Structures are given as C-alpha cells and as structure tokens.
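> Take any residue in the sequence shown, count from 1 to its spot, add 40: that is its number in this note's numbering.
The C-beta atom is built at its ideal place from N, Cα and C for all residues, glycine as well.
Keep in mind the model is a prediction, meaning the values are calculated, not measured.
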Amino acid sequence: MHDWAITRRQLLRFSTASIVTAGVTSCRSLLATRSEASDQSDENNNRVILPSTCVPLNSECPLKDQAASRGLIYGAAGKYKTLSADLDLANVLAQECALLVPENDFKWQALRPGLNQFDFSRSDWMADFAMEREMLLRGHTLVWYKSLPRWVEEQVSVENGEAVMVDHIRTVAHRYAGRMHSWDVVNEAIAPEPTVENPWRPSPWLDWIGPDYVAKAFHAAHEADPEALLIYNENGLWWDAPEGEAKKVAVLRLLENLKTQGVPIHGVGIQSHLRGHLMEQFQPEKMRQFLQHVADLDLEIFISELDVRDTELPDDIEERDRLIAGAYQDYLSVILEQPAVSTIVTWGLSDRDTWHSK
Ligand code: G3I
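(1) Extract the residue ranges of the beta strand (DSSP E) inside the stretch 315-370, only unbroken runs of 3 or more that lie entirely within it.
(2) Please find out if some non-hydrogen atom of the ligand G3I comes closer than 6 Å to the beta-carbon of GLN378.
(3) Apart from the five residues just before and just after VAL374, which ones in its own chain have a Cβ nearer than 7 Å to its Cβ?
(4) Where GLY250 and ALA231 are concerned, what is the direct C-alpha to C-alpha distance, given to the nearest angstrom?
(5) List the endpoints of the continuous alpha helix (DSSP H) containing ASP211.
(6) Only counting the same chain, and skipping five residues up and downstream in sequence, which positions put a Cβ closer than 8 Å to that of ASP265?
(7) Of the choices ALA117, GLY201, GLU199, whose alpha-carbon is the least far from that of LEU176?
(8) Measuring alpha carbon to alpha carbon, tell me which of LEU246, ASP280, MET166 ends up nearest PHE330.
(9) Helix, strand or coil for GLU291 per DSSP?
(10) I'd like to confirm the pairing. Which residues does DSSP put opposite ALA117 in its beta bridges?
(11) Roughly how many angstroms lie between the CA atoms of ARG360 and HIS396, to the nearest whole one?
(12) Please report the Cβ distance between HIS313 and ARG349, rounded to the nearest whole angstrom; I am assuming they are in contact, meaning their Cβ atoms lie under 8 Å.
(13) Helix, strand or coil for ARG178? Go by DSSP, reduced to three states.
(14) Could you give the DSSP three-state label for VAL381: helix, strand or coil?
(15) Using a Cβ-Cβ cut-off of 8 Å (strictly less than) and excluding sequence neighbours within five positions of ARG210, which residues of its own chain qualify?
(16) Starting from ASP168, trace the alpha helix (DSSP H) in both directions and tell me its first and last residue.
(17) Could you check how far apart the C-beta atoms of MET166 and PRO189 are, in whole angstroms? I think they sit under 8 Å.
(18) Quick one: residues in its chain with C-beta nearer than 8 Å to the C-beta of GLU193, no 5 flanking neighbours on either side, listed in chain order?
(19) Can you name, in chain order, every residue of its own chain whose Cβ lies under 6 Å from the Cβ of VAL236, other than the five neighbours on each side?
(20) Using the Cα positions of VAL303 and ALA255, report the straight-line distance between them to the nearest angstrom.
(21) Skipping 5 residues on each side, what residues in its chain have a beta carbon closer than 6 Å to that of TYR290?
(22) Let me make sure I understand the geometry here. Which of GLY276, GLU352, ASP247 has the alpha-carbon closest to that of GLU199?
(23) Take the Cβ of ASP355 as the centre, count every other Cβ of all protein chains shown within 10 Å, and call the residue buried at 16 or more, exposed below.
(24) Exposed or buried, which one is LEU123 when buried takes at least 16 other CB atoms within 10 Å?
(25) At what residues does the alpha helix (DSSP H) containing TRP240 begin and finish?
(26) For VAL226, does the three-state DSSP call read helix, strand or coil?
(27) Got a sec, what are the start and stop residues for the alpha helix (DSSP H) TYR253 sits in?
(28) Classify THR386 as buried or exposed, calling it buried when 16 or more other Cβ atoms lie within 10 Å of its own Cβ.
(29) Could you compute how far the alpha carbon of ILE305 sits from the alpha carbon of PHE258?
(30) List the residues that DSSP assigns as beta-bridge partners of GLN157.
(31) Residues in its own chain within less than 7 Å of PHE158 by CB, not counting five upstream and five downstream?
(32) What does THR386 pair with, by DSSP beta-bridge criteria?
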C-alpha cells in the first residue's frame, strides 16, 4: 500500500464530495457543524473550508478505514481511461476506497463490439487493478436500457432477445466469478413516473422479453456467480417530488414480487445523484420509511452512485462547498441511521472527470 500522505486540502482539489463523505462517515459524531468549520488557506492561498474536527487525510486515516469504523464499505466509481493514465488518481483511489466500481467499463457499450464478440481488455484491467490494490470489485451493470451498442437494436429482437441477454450475463458474470463483491444485475427498470398499471421504464429488454426480464437476469447472474451479491439499482428515489414517491412504491412492489418468487436478489442500490439546489425535496421521514421497508425484505442497501450536482448553486466556491457539504451531511445523516445500509459509493473520487462536467 502506498505510504502516500495527502492532506485534505490536496484531496479537495480532487473532490469536495469525497471530503464531505469522509467527514460524515468518519467524524459525524465529532463533526463540527458547518458553522464551526475551520477556515484554512491552502498552499495557493485558496481558502479551504473544513469541518474543524476532520483529520487530515493520509494513509493512516483513509476514508475506507473511517467508514469501516462505522461498519460501512466506502468506495468510488473509476474509469479505465483515467485510472490507467493518472497514477495520482489511481493511488488516491486505492488509498481511500475499499471498493471500486467501473463507471463504464463493464457496460455493454464497453464489452460488446458485436453480437458474437466480447472485448474484456478494459474490464480485465479494472478487475486486475482492484485485485492488485486489494479492493472489492462491484460490477455495473449487466442489464440496462442504456449504453447499448448500435448492433443490439439492429440484431436483437423478440426472437433472440432473451437468449442474447442471458448469454451476456452468463459470459460476463462467469468470467469474473469469485472476484465480484456485487453486481448491479438490472439498472433502472422502473419508470420515472410509474403507475400501478404500468410501472416499467421503456426498455428493449422489456419489449423483447416482458417484465420477467428482471427475474430472469437475476437467475442467470446467480447461476454464473453464486458468490456475488446481486443488486437491483435504481435512480430517482432520494427526492419526494411526486415522481419520487410513486417510484419508491413501485420499486418496493418489484422487490416484494422478486422475493416472493424466490429470485436470488440480495440488495438494492439507491443511486443518490443529489441536486444541491433541490435538497428541500428530500423528506427524511419518507426516506426512513422506505429504507425500513427495504430492510424488512431482508435486503442490503447500497448508496450506489452518491454525488451532488452543483450546477445551480452559487458561484462563490466557499458557499458552494458549504452547501454541498450540507447536502451530503443532511442526506447521509438520515441514511446512516438504517443498519441495513452496508455500502456507500461516490460516483467518482475526482471532480476532474465527473460525469456532471460532460
Ligand atoms: O468511450 C466513448 C468514446 O470512445 C467516444 O469517443 C465518446 C464520444 O461520445 O463516448 C465515449 O463513451 C462515453 C462513456 O460515458 C465513456 O466515457 C459515452 O458517450 C457516455 O454516454 C458515457 O456516459 C456515462 C453514462 O453513465 C452512460 O453510460 C457516464 O460516464 C456515467 O457516469 C453514467 O453513469 C450512470 C450510471 O451508469 C447509471 N446511473 C446514472 C449514472 C449517471 O448518468
């Protein structure tokens, strides 16, 4: 392991998100309130806002250990493109994270150049990186309506849809069997504004296989890798605008049905792409109830893609960091009350290449 000291200020240049996640997971009980945050200036005389009780980041106190002290796994998304080219980032990620989730390198777009072709060059590199750095590896994602190469729409249909999906899952999950902490087996199957009559998000897999595509995907994944935790991953669950509430109900109904059918599902991923300017839509009590309903189904809970969109926040960097820190603290303070929450993943460690800036 690199004995690679990095101050929190240096890491701030990577990501406010990680700092605040560290702050909440590690120092929440000690964390000074935002108003008590200490003001410091970094080597470039940029003011750096830190909760006064947060300890400087260094290899003696990495985020992963701070989270582990609360019984949590902390990890982050990473990309082959940046980790293979940026040793600084690779070292910080390995130092701070107990788990790596490839942001795009395990998606169909990356793995499948053709109907009868697989390209594991980037996914193998990511799996080897995780193993060499002694990190858990989380696969994302075996079945999704997005990130499908063009040939899928051209060569897959009702006739071969199920066979193509199951073959993909078996081939990919079998290749990494025994090395995976968890898989997002199915991602975002529920509509943004679901109804009782039709909760389903439009998806080629739904068209070709029907609603059972979800259960069939989980069975195929479990047959290919009986050891991996199998997760249903979903977005739009953190807020309580009308669609957020209906979505929680629809996701719970899906989970209950899967459990009733004996489908091998072990947990739920709540993506948690928070919007810094909409945090008033986060209703703690509704989230507490949702988390408890999921826990009552004997499912683990992953906060699977945590980040805060700051594009609508004030330009002033100190105010923006304060609002972002507040969003993380307000959200995670509720989430971390639920014992079924096992894993917190930020959707990236460095703001240098966050999807938000694309
Ligand atoms: O790799 C190609 C490159 O060869 C090409 O030149 C370039 C031109 O557009 O595209 C590159 O692929 C991009 C890929 O990221 C890798 O960088 C895709 O266009 C781009 O759409 C893709 O965006 C990713 C997106 O999912 C779609 O897969 C984002 O990085 C990623 O952060 C985002 O993550 C999703 C989760 O998987 C599911 N939950 C929501 C989350 C945010 O949208």
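Concretely, from the data shown:
(1) Secondary structure in the stretch 315-370: the beta strand (DSSP E) runs of 3 residues or longer, each lying completely within the stretch, are 340-349 in chain order.
(2) When distances are taken from the beta-carbon of GLN378 to the heavy atoms of the ligand G3I, even the shortest one reaches 6 Å or more.
(3) Within the same chain, VAL374 has close Cβ partners PRO324, MET327, ARG328.
(4) For the pair GLY250 and ALA231, the Cα-to-Cα distance works out to about 15 Å.
(5) Residue identity differs from the one stated: residue 211 is Thr in this sequence, not Asp. It spans 201-215 - the alpha helix (DSSP H) in which THR211 sits, taken as one unbroken run.
(6) Correct list, in chain order: ALA213, HIS214, TYR216, ALA217, GLY218, MET220, TRP223.
(7) Ranking the options by Cα distance to LEU176, first place goes to ALA117.
(8) Ranking LEU246, ASP280, MET166 by Cα distance to PHE330 puts ASP280 first.
(9) Looking at the sequence shown, residue 291 is not Glu but Val. It is helical.
(10) According to DSSP, which records beta bridges pairwise, ALA117 is partnered with VAL141.
(11) Approximately 15 Å, taken between the alpha carbons.
(12) Indeed they touch by this definition, with Cβ atoms about 7 Å apart.
(13) ARG178 sits in a strand when the DSSP states are folded into three classes.
(14) VAL381 falls in the strand class under three-state DSSP.
(15) If we look at ARG210 and ignore the five residues flanking it on each side, its Cβ neighbours are ALA260, GLU263, ALA264.
(16) Taken as a continuous stretch (DSSP letters only), the alpha helix (DSSP H) holding ASP168 covers 161-172.
(17) In this structure, MET166 and PRO189 do not form a Cβ contact; the two beta carbons are roughly 19 Å apart against a cut-off of 8 Å.
(18) These residues qualify, in order along the chain: PRO244.
(19) Counting only Cβ-Cβ distances below 6 Å, and skipping sequence neighbours, we find nothing.
(20) Whole-angstrom Cα-Cα distance: 6 Å.
(21) The residue asked about is misnamed: residue 290 is Ala in this sequence, not Tyr. Only ILE230, PRO234, PRO239 meet the Cβ criterion.
(22) The residue from GLY276, GLU352, ASP247 with its alpha-carbon nearest to that of GLU199 is ASP247.
(23) Counting Cβ neighbours within 10 Å, ASP355 comes out exposed, since fewer than 16 surround it.
(24) Burial call: buried.
(25) No alpha helix (DSSP H) contains TRP240, which DSSP labels as neither H nor E.
(26) Strand at VAL226.
(27) Unbroken alpha helix (DSSP H) run through TYR253: 253-264.
(28) Burial call: buried.
(29) Annotation: ILE305 to PHE258 spans about 7 Å, alpha carbon to alpha carbon.
(30) Beta-bridge pairing links GLN157 to GLY154.
(31) Cβ neighbours of PHE158 beyond the five flanking positions: LEU151, ARG152, THR211.
(32) THR386 is bridged to ALA116, LEU346.
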